[in-house]
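Using numbering that gives the first Met the number 0, the letters of the sequence shown map in sequence onto residues 0 to 226.
Using N, Cα and C, we set each Cβ at its ideal position, and we do this for glycine too.
All remarks here apply to the structure that follows.
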Amino acid sequence: MDFDTNKRQIRSFVLRGGKMTTGQKKALDELWPVYGIEDKQSLAFPEIFGNENPVWLDIGFGNGESTAFAAAQHPDVNLLGIEVHLPGIGHLLIRMHEQDLNNVRIMRDDAVDVLQTQITDASLDAVHVYFPDPWHKKRHHKRRLLNADFISLVISKLKSGGRLHIATDWEEYALEVQALLIQFADLENTVSDNGFADRPAWRPETKFERRGQRLQHNSYDLILVKR
Ligand SMILES: C[S@@+](CC[C@H](N)C(=O)[O-])C[C@H]1O[C@@H](n2cnc3c(N)ncnc32)[C@H](O)[C@@H]1O
0 MDFDTNKRQI
10 RSFVLRGGKM
20 TTGQKKALDE
30 LWPVYGIEDK
40 QSLAFPEIFG
50 NENPVWLDIG
60 FGNGESTAFA
70 AAQHPDVNLL
80 GIEVHLPGIG
90 HLLIRMHEQD
100 LNNVRIMRDD
110 AVDVLQTQIT
120 DASLDAVHVY
130 FPDPWHKKRH
140 HKRRLLNADF
150 ISLVISKLKS
160 GGRLHIATDW
170 EEYALEVQAL
180 LIQFADLENT
190 VSDNGFADRP
200 AWRPETKFER
210 RGQRLQHNSY
220 DLILVKR
């Protein structure tokens with residue numbers, strides 16, 4: 000489950016150690032071989048999921064709340080979750096086991112690398128990026144995941160009619176991304192006047208969102224569709 004963190008200079012995450020619970024360790028030992036993807040080749044979704052169902056990509060899923068939630072609500076959809084934080088992966092594997100979710104697969108990697116090298120163009124039905132690290136200090140803004148290169152990359156991987164759904168509780172980041180997205184003619188905001196959307200049924204309130212609420216932060220959802 001190792002990956003090369005030196006390939007690109009600036010990454011949107013810092014690998015934290017993070018203590019794992021016994022349950023998470025057990026889940027990683029027993030369930031990662033079943034649901035984890037270690038392949039570094041181009042991903043063949045019908046082989047990976049065993050069906051031709053639509054694929055939704057959840058980038059930086061944290062502890063996997065949103066991935067498990069969407070997978071349970073939409074058994075006719077395949078969820079591919081990418082996260083670098085190992086305890087979070089263990090947490091999602093436990094959830095999958097408890098909820099008997101077979102429509103989730105997990106990769107431990109930088110989602111940018113995976114998108115660039117392993118995901119076929121026009122193969123995704125949705126890309127979800129929920130509460131990406133805001134890197135709020137100005138000198139760290141270069142680490143923000145949501146930038147013009149990333150959006151172009153995502154557009155190339157979405158099917159026509161596919162969805163890009165971003166949520167953040169960091170207002171300044173939300174406004175920056177809102178202004179960025181309008182520059183992409185291939186994306187159409189599902190809300191008029193390039194507005195923010197209400198939280199849709201497929202996205203639960205996540206841990207990071209609840210923490211934001213305690214700090215009086217609002218959540219901002221942007222839901223766009225590829226033309
Ligand atoms: C603030 S957390 C949000 C987690 C979750 N989406 C939620 O809403 O609770 C952001 C997560 O994104 C992950 N992350 C950041 N950049 C990533 C990347 N390039 N590839 C994969 N995961 C990434 C981090 O490890 C972290 O767990």
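For a quick check, are the C-beta atoms of residue i and residue j less than 8 angstroms apart?
{"i": "Leu221", "j": "Phe195", "result": "yes"}
{"i": "Ser155", "j": "Asp120", "result": "yes"}
{"i": "Phe60", "j": "Glu29", "result": "no"}
{"i": "Leu56", "j": "Leu144", "result": "no"}
{"i": "Glu187", "j": "Leu157", "result": "no"}
{"i": "Ala69", "j": "Leu78", "result": "yes"}
{"i": "Val128", "j": "Ile181", "result": "no"}
{"i": "Arg94", "j": "Ala67", "result": "yes"}
{"i": "Asp132", "j": "Ser218", "result": "no"}
{"i": "Leu14", "j": "Leu92", "result": "no"}
{"i": "Phe130", "j": "Ala166", "result": "yes"}
{"i": "Leu163", "j": "Val176", "result": "no"}
{"i": "Arg226", "j": "Asp185", "result": "yes"}
Taking Cβ positions only, does residue i come closer than 8 angstroms to chain B?
{"i": "Pro199", "result": "Protein chains in the displayed structure number just one, and chain B is not present."}
Nearest-angstrom Cα distance between residue i and residue j?
{"i": "His90", "j": "Ser151", "result": "31 angstroms"}
{"i": "Phe149", "j": "Ile118", "result": "14 angstroms"}
{"i": "Gly211", "j": "Val33", "result": "34 angstroms"}
{"i": "Asn146", "j": "His135", "result": "14 angstroms"}
{"i": "Leu100", "j": "Glu64", "result": "13 angstroms"}
{"i": "Pro45", "j": "Gly161", "result": "18 angstroms"}
{"i": "Gly22", "j": "Ile88", "result": "12 angstroms"}
{"i": "Asp75", "j": "His139", "result": "39 angstroms"}
{"i": "Ile47", "j": "Gly17", "result": "29 angstroms"}
{"i": "His84", "j": "Leu179", "result": "28 angstroms"}
{"i": "Ala173", "j": "Leu42", "result": "31 angstroms"}
{"i": "Arg198", "j": "Lys137", "result": "28 angstroms"}
{"i": "Leu50", "j": "Arg107", "result": "The sequence given here has Asn at residue 50, not Leu. Cα to Cα, the separation comes out at about 22 angstroms."}
{"i": "Glu97", "j": "Thr189", "result": "34 angstroms"}
{"i": "Ala200", "j": "Val54", "result": "17 angstroms"}
{"i": "Asn102", "j": "Arg213", "result": "33 angstroms"}
Check your understanding: Under a criterion of Cβ closer than 7 angstroms to any non-hydrogen atom of ligand 1, which residues qualify, in chain order?
Key -> Arg10, Ser11, Phe12, Ile58, Gly59, Phe60, Gly61, Asn62, Glu64, Ser65, Ile81, Glu82, Val83, His84, Gly87, Asp108, Asp109, Ala110, Val111, Tyr129, Phe130, Pro131, Asp132, Leu144, Thr205, Lys206, Phe207, Glu208
**Study point:** Ranges of the beta strand (DSSP E) found wholly within the segment 136-180, counting only runs of at least 3
**Key:** Counting whole runs of 3 or more residues, the segment 136-180 contains the beta strand (DSSP E) stretches 157-167.
Exercise for review: Can you check the segment 76-107 for any beta strand (DSSP E) of at least 3 residues that lies completely inside it and give the ranges in chain order?
Suggested key: Runs found: 77-81, 103-106.
Exercise for review: Kindly provide the ranges of any alpha helix (DSSP H) runs that are 4 or more residues long and lie completely inside the segment 178-221, ordered along the chain.
Suggested key: 206-213
Exercise for review: Ignoring anything shorter than 4 residues or poking outside the segment 13-85, list the alpha helix (DSSP H) runs there in chain order.
Suggested key: 21-34, 44-48, 64-72
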